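Here's the structure, in structure tokens; my notes come after.
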Amino acid sequence: MSSKKKFCETQKCLFVILVAVAAAIAAICVVTLTDENLREKRSLEPLPWWKTSIVYQIYPRSFQDSDNDGTGDLEGIKERLGYLSDLGVGAVWLSPIFLSPMRDFGYDVRNYTDVDPLFGNMADFENLISEAKDKNLRVILDFVPNHTSNESEWFYWSERGHKKYKDYYVWNSGIECAAGCDDTGGRRPPNNWLSVFGGSAWKWSGIRQKFYYHAFLDSQPDLNLRNENVQTELQDVLEFWLQKGVDGFRADALKFMFESPNVTEDETGLRDIFTWIEADNHNLTTNLPEVYDILKGWRAVLNKYGKDKFLIAESYGISHEIRDKYYKSGSIPFNFALIQYLNKSCNALCMRDVIQDSLGGLNSNWPNFVLGNHDNSRVANRFGPETIDAFNMLLLTLPGTPTSYYGEEIGMRDTFYTYNETKDTAGLNYNETLYMEHSRDPERSPMQWDDGLNAGFSNGTPWLHVNHNYQLINVKAQKLADRSHLKVYQQLAKLRQDPAFTHNSVQFINISDVGGNDKTIVAYIRAQKNSDKYLVVMNFGHQYANNVDLSKGAGSENGMVVVNAMSAYQKEMIDLKSVTLSRGQGLVIKVM
Numbered sequence: 005m006s007s008k009k010k011f012c013e014t015q016k017c018l019f020v021i022l023v024a025v026a027a028a029i030a031a032i033c034v035v036t037l038t039d040e041n042l043r044e045k046r047s048l049e050p051l052p053w054w055k056t057s058i059v060y061q062i063y064p065r066s067f068q069d070s071d072n073d074g075t076g077d078l079e080g081i082k083e084r085l086g087y088l089s090d091l092g093v094g095a096v097w098l099s100p101i102f103l104s105p106m107r108d109f110g111y112d113v114r115n116y117t118d119v120d121p122l123f124g125n126m127a128d129f130e131n132l133i134s135e136a137k138d139k140n141l142r143v144i145l146d147f148v149p150n151h152t153s154n155e156s157e158w159f160y161w162s163e164r165g166h167k168k169y170k171d172y173y174v175w176n177s178g179i180e181c182a183a184g185c186d187d188t189g190g191r192r193p194p195n196n197w198l199s200v201f202g203g204s205a206w207k208w209s210g211i212r213q214k215f216y217y218h219a220f221l222d223s224q225p226d227l228n229l230r231n232e233n234v235q236t237e238l239q240d241v242l243e244f245w246l247q248k249g250v251d252g253f254r255a256d257a258l259k260f261m262f263e264s265p266n267v268t269e270d271e272t273g274l275r276d277i278f279t280w281i282e283a284d285n286h287n288l289t290t291n292l293p294e295v296y297d298i299l300k301g302w303r304a305v306l307n308k309y310g311k312d313k314f315l316i317a318e319s320y321g322i323s324h325e326i327r328d329k330y331y332k333s334g335s336i337p338f339n340f341a342l343i344q345y346l347n348k349s350c351n352a353l354c355m356r357d358v359i360q361d362s363l364g365g366l367n368s369n370w371p372n373f374v375l376g377n378h379d380n381s382r383v384a385n386r387f388g389p390e391t392i393d394a395f396n397m398l399l400l401t402l403p404g405t406p407t408s409y410y411g412e413e414i415g416m417r418d419t420f421y422t423y424n425e426t427k428d429t430a431g432l433n434y435n436e437t438l439y440m441e442h443s444r445d446p447e448r449s450p451m452q453w454d455d456g457l458n459a460g461f462s463n464g465t466p467w468l469h470v471n472h473n474y475q476l477i478n479v480k481a482q483k484l485a486d487r488s489h490l491k492v493y494q495q496l497a498k499l500r501q502d503p504a505f506t507h508n509s510v511q512f513i514n515i516s517d518v519g520g521n522d523k524t525i526v527a528y529i530r531a532q533k534n535s536d537k538y539l540v541v542m543n544f545g546h547q548y549a550n551n552v553d554l555s556k557g558a559g560s561e562n563g564m565v566v567v568n569a570m571s572a573y574q575k576e577m578i579d580l581k582s583v584t585l586s587r588g589q590g591l592v593i594k595v596m
């Protein structure tokens, strides 16, 4: 071959190679652009409502009484929906409203598909749903799948050995007893399992001549979730309320739904036969893996009514491993870390660690935080009234979905009740010396609306008396004040709609860099692509924090205050090199 021909062939090869390389580069660019476009598109898609909403828990007995019988009701809640809309919350979670003998205030269900007359009737519920939708508010119901009341129709027939219902609950003949068991047919419980409320978790039925298992009160027999008919019944309950228009459920006590089928086994390491201890040694009665398949079934039911239906699971005291399994099963496990681990001895470093641990390993799973509920003392009592705004700021500016307990937006306090005034069985199970350690009545006192009769809650005699501070701490007074807890809460709720707060990440500022206030200051950045950048800083110490330099962490020396927990004035420019915070003060600053 001539050198000229070889040269031409070489040129052709080079040309082909160059074309191939160019095509490959173009393809890579197209793929890259396509992926970028997809990410951009996903970022522009509207988020599910529960990712942008504050969930507001209402304890129906204590929110608003419409018929002056002293107990809050559905009509009363409907009358206050305007307040909730103005407050800036997006969803209302109702503690149980089902027909119940109320030995555990609705968590002992007699009929899952009926409204207890104490709260109204089904027409009242339907009207509430309709009015809530008109105000763009979602309604979440408390769902109690672990147990029913011993007055339910299911238990009535199960106790009598009815063919369909005999295995709806966990029954056992027990063990022959040599002496002292005359009241239980000469039998004793099959094992040492304990009730959360104290004593054996087994109760003798004289009718069926067997023991039944109850993780809670003996009037709350546990359902047998291994029975497929029970599983179907509970799915039917979900369908019933979804057809009524509810937007989701908070599922109660899920960790207790299954027990070891081998009831001859004892749990090891229990302290005594009277006290159930929140500990890992309940490996036979809590957190069994069968729970996850039940959740998947519920998720499938909810999805029939829309992929945006909300399912959040009470999951107190679970590991990250179990947490992740809840997520994979289609639910969001309630994150109780701020209730479990924050206390007056937990300083800013501790708080940051608790929050970061909660967010650790979530990946694409959506976080959530809660500071209080119907089973725990109010924020003002746990941390001091001067910290109310700072803690509301923390809750409403952290990533994920926040849940607020009614009254926390105005800084309500626990209410003292004498032993004779106490209504909660958890307290009455103990004597006058110990009842206050266990009663949940203090955090369930009536909502304080104004300074009138019974704080505007009822014109009758309230089921629990209102707190004596209601003339100072109430909604009406805080609406009229220039600065108040309520107004700070409203500002924060509005701010949460900013794109900077609608994603699931947070960047903590290195606390050692903020002027030696590492044990008092919590500070972090909330921002995302194409959004404003916000610095949130709170002083949880017991004294002033002076001349705190936040400029390095914020990446700027200047900012504008958009929420100030200690002042009615906003839009103030601030030097981020020298920030002073009084005790309990919090600021949200737009970084300039």
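Going by this note's numbering, 466 is the number at position 462 of the sequence shown; the sequence numbering is gapless.
Positions of the beta carbon are idealized from the N, C-alpha and C atoms, including for glycine.
Please read these numbers as outputs of a predicted model, since none were measured by experiment.
- Query: Just how far apart, CA to CA, sit residue 283 and residue 556?
  - Reply: Within the sequence shown, the letter at position 279 stands for residue 283. Within the sequence shown, the letter at position 552 stands for residue 556. Bear in mind that the predicted position of residue 283 carries a pLDDT of just 46, short of 50, making it too unreliable to give a figure here.
- Item | Exposed unless 16 or more other CB atoms sit within 10 angstroms - verdict on residue 224 | Position 220 of the sequence shown, counted from the start, is the residue given in the question as residue 224. Buried: at least 16 other Cβ atoms inside 10 Å.
- Query: With distances taken between CB atoms, is the gap from residue 374 to residue 407 smaller than 7 Å?
  - Reply: Along the sequence shown, read from residue 1 onward, the residue named residue 374 stands at position 370. Along the sequence shown, read from residue 1 onward, the residue named residue 407 stands at position 403. Result yes, Cβ atoms of residue 374 and residue 407 sit closer than 7 Å.
- Task: Report the rounded CA-to-CA distance for residue 93 versus residue 300, giving the unit in angstroms.
- Result: Here residue 93 is taken as the residue at index 89 of the sequence shown, counted from 1. Here residue 300 is taken as the residue at index 296 of the sequence shown, counted from 1. Their Cα atoms are separated by approximately 28 Å.
- Message: Quick check on DSSP: helix, strand or coil for residue 208?
- Response: What you label residue 208 is simply residue 204 of the sequence shown in a count that begins at 1. In the structure shown, residue 208 sits in a strand (DSSP, three-state: E or B).
- Task: Would you mind reading off the limits of the beta strand (DSSP E) that contains residue 373?
- Result: Stepping through the sequence shown from its first residue, residue 373 is reached at position 369. Residue 373 -> beta strand (DSSP E) spans 372-374.
- Message: Applying the 10 Å Cβ sphere with the 16-neighbour rule, what's the burial state of residue 438?
- Response: Position 434 of the sequence shown, counted from the start, is the residue given in the question as residue 438. Residue 438 comes out exposed.
- Query: So residue 475 is in the beta strand (DSSP E); what residue range does that whole segment cover?
  - Reply: On the sequence shown, position 471 is the one that residue 475 refers to. Element bounds for residue 475: n/a, residue is neither H nor E.
- Query: Taking the alpha carbon of residue 419 as the point to measure from, which residue in 436, 260 and 473 has its own alpha carbon closest?
  - Reply: Counted from its first residue, the sequence shown places residue 419 at position 415. Of 436, 260 and 473, the residue nearest in Cα terms is 473.
- Message: Rounded to whole angstroms, what is the Cα-Cα separation between residue 130 and residue 248?
- Response: Taking the sequence shown and counting its residues from 1, one reaches residue 130 at position 126. Taking the sequence shown and counting its residues from 1, one reaches residue 248 at position 244. Approximately 7 Å between the Cα atoms of the pair.
- Task: Kindly provide the ranges of any alpha helix (DSSP H) runs that are 4 or more residues long and lie completely inside the stretch 476-560, ordered along the chain.
- Result: 479-484, 489-499 and 555-558
- Task: Could you give the DSSP three-state label for residue 304: helix, strand or coil?
- Result: For this step, residue 304 is matched to residue 300 along the sequence shown. If DSSP states are grouped into helix, strand and coil, residue 304 belongs with the helices.
- Between the Cα of residue 89 and those of 498, 118 and 189, spot the shortest distance and give me the residue it belongs to. For the purposes of this step, residue 89 is identified with residue 85 of the sequence shown, where counting begins at 1. Taking only the C-alpha atoms, the option nearest residue 89 is 498.
- Query: If you run the structure through DSSP and keep just helix, strand and coil, what is residue 436?
  - Reply: Taking the sequence shown and counting its residues from 1, one reaches residue 436 at position 432. It is coil, neither helix nor strand.
- Query: Are the beta-carbon atoms of residue 78 and residue 122 separated by less than 7 Å?
  - Reply: Within the sequence shown, the letter at position 74 stands for residue 78. Within the sequence shown, the letter at position 118 stands for residue 122. Cβ atoms of residue 78 and residue 122: not closer than 7 Å.
- Task: Could you name the residues of the same chain whose beta carbon sits closer than 7 Å to that of residue 404, not counting the 5 residues immediately before and after it, in chain order?
- Result: The sequence position of residue 404 within the sequence shown is 400, counting from 1. Excluding sequence neighbours, residue 404 sits near 370, 371, 372, 373 and 508.
- Task: Give a yes or no on whether the C-beta atoms belonging to residue 663 and residue 410 are separated by under 7 Å.
- Result: Here the chain comprises residues numbered 5 to 596, so residue 663 is not present and cannot be evaluated.
- Where do the N-terminal and C-terminal ends of the alpha helix (DSSP H) with residue 81 fall, by residue? In the sequence shown, the residue the question calls residue 81 occupies position 77. Looking at the DSSP string, the run of the alpha helix (DSSP H) that includes residue 81 is 78-83.
- Segment limits, beta strand (DSSP E) that includes residue 405: By 1-based counting over the sequence shown, the position of residue 405 is 401. Segment 405-409, the beta strand (DSSP E) holding residue 405.
- Message: Tell me the rounded alpha-carbon separation between residue 340 and residue 183.
- Response: Within the sequence shown, the letter at position 336 stands for residue 340. Within the sequence shown, the letter at position 179 stands for residue 183. Cα-Cα distance, rounded: 45 Å.
- Message: Tell me the residue span of the beta strand (DSSP E) that contains residue 142.
- Response: Against the sequence shown, residue 142 aligns to sequence position 138. 142-147 is the span of the beta strand (DSSP E), which, as asked, contains residue 142.
- Write down the C-beta distance between residue 496 and residue 396 rounded to the nearest angstrom, noting that I regard them as a contact closer than 8 Å. By one-based count along the sequence shown, residue 496 stands at place 492. By one-based count along the sequence shown, residue 396 stands at place 392. At roughly 6 Å, the Cβ-Cβ gap stays under 8 Å, so residue 496 and residue 396 are in contact.
- Taking the beta strand (DSSP E) that residue 245 falls in, what are its first and last residues? Within the sequence shown, numbered from 1, the residue matching residue 245 stands at position 241. It is not in any beta strand (DSSP E) - residue 245 instead sits in the alpha helix (DSSP H) that spans 232-247.
- Task: Determine the extent of the beta strand (DSSP E) in which residue 315 is found, giving its start and end residues.
- Result: Counting from one through the sequence shown, the residue named residue 315 turns up at place 311. Segment 314-317, the beta strand (DSSP E) holding residue 315.
- Bounding residues of the alpha helix (DSSP H) (the contiguous stretch that carries residue 575): Position 571 of the sequence shown holds residue 575. Premise fails: residue 575 is in no alpha helix (DSSP H) and is neither H nor E.
- For the candidate residues 505, 566, 539 and 536, whose alpha-carbon lies nearest to that of residue 58? Translated into the one-based positions of the sequence shown, residue 58 becomes position 54. With distances taken between Cα atoms, residue 58 lies closest to 505.
- Query: Are there three or more Cβ pairs, one per stretch, closer than 8 Å when the stretch 226-240 is compared with the stretch 184-202?
  - Reply: no
- Query: At which residue ranges does the stretch 85-125 contain complete alpha helix (DSSP H) runs of 4 or more residues, listed in the order of the chain?
  - Reply: 85-91
- Query: So, is residue 6 buried or exposed, given that buried needs 16 or more other C-beta atoms within 10 angstroms?
  - Reply: As a first step, residue 6 must be located in the sequence shown, where it is residue number 2. Unreliable positioning characterises residue 6 in this predicted model, as indicated by a pLDDT of 47, which lies under 50. The coordinate reading is nonetheless provided below. Residue 6 should be labelled exposed.
- Item | Own chain residues within Cβ distance below 8 Å of residue 394, not counting five before or after | Mapped onto the sequence shown, residue 394 falls at position 390. Same-chain partners within the cutoff: 542, 543, 544, 569, 588, 589 and 590.
- Do you know how far the Cα of residue 431 is from the Cα of residue 441? The residue given as residue 441 occupies position 437 in the sequence shown. The residue given as residue 431 occupies position 427 in the sequence shown. Computed Cα separation, rounded: 7 Å.
- Item | Separation of residue 426 from residue 435, as counted between CA atoms | The residue given as residue 435 occupies position 431 in the sequence shown. The residue given as residue 426 occupies position 422 in the sequence shown. Their Cα atoms are separated by approximately 11 Å.
- Query: Which residue's Cα is closest to the Cα of residue 236: 268, 304, 271 and 383?
  - Reply: Looking up residue 236 in the sequence shown gives position 232. The shortest Cα separation from residue 236 among 268, 304, 271 and 383 belongs to 304.
- Does the separation of the CB atoms of residue 96 and residue 143 fall below 7 Å? Stepping through the sequence shown from its first residue, residue 96 is reached at position 92. Stepping through the sequence shown from its first residue, residue 143 is reached at position 139. Yes, the pair counts as a contact, with Cβ atoms nearer than the cut-off.
- Buried versus exposed, by CB contacts within 10 Å (16 or more), residue 654: No statement about residue 654 is possible, as the shown extent of the chain runs from 5 to 596 and does not include it.
- For the candidate residues 150, 579 and 461, whose alpha-carbon lies nearest to that of residue 65? By 1-based counting over the sequence shown, the position of residue 65 is 61. Of 150, 579 and 461, the residue nearest in Cα terms is 461.
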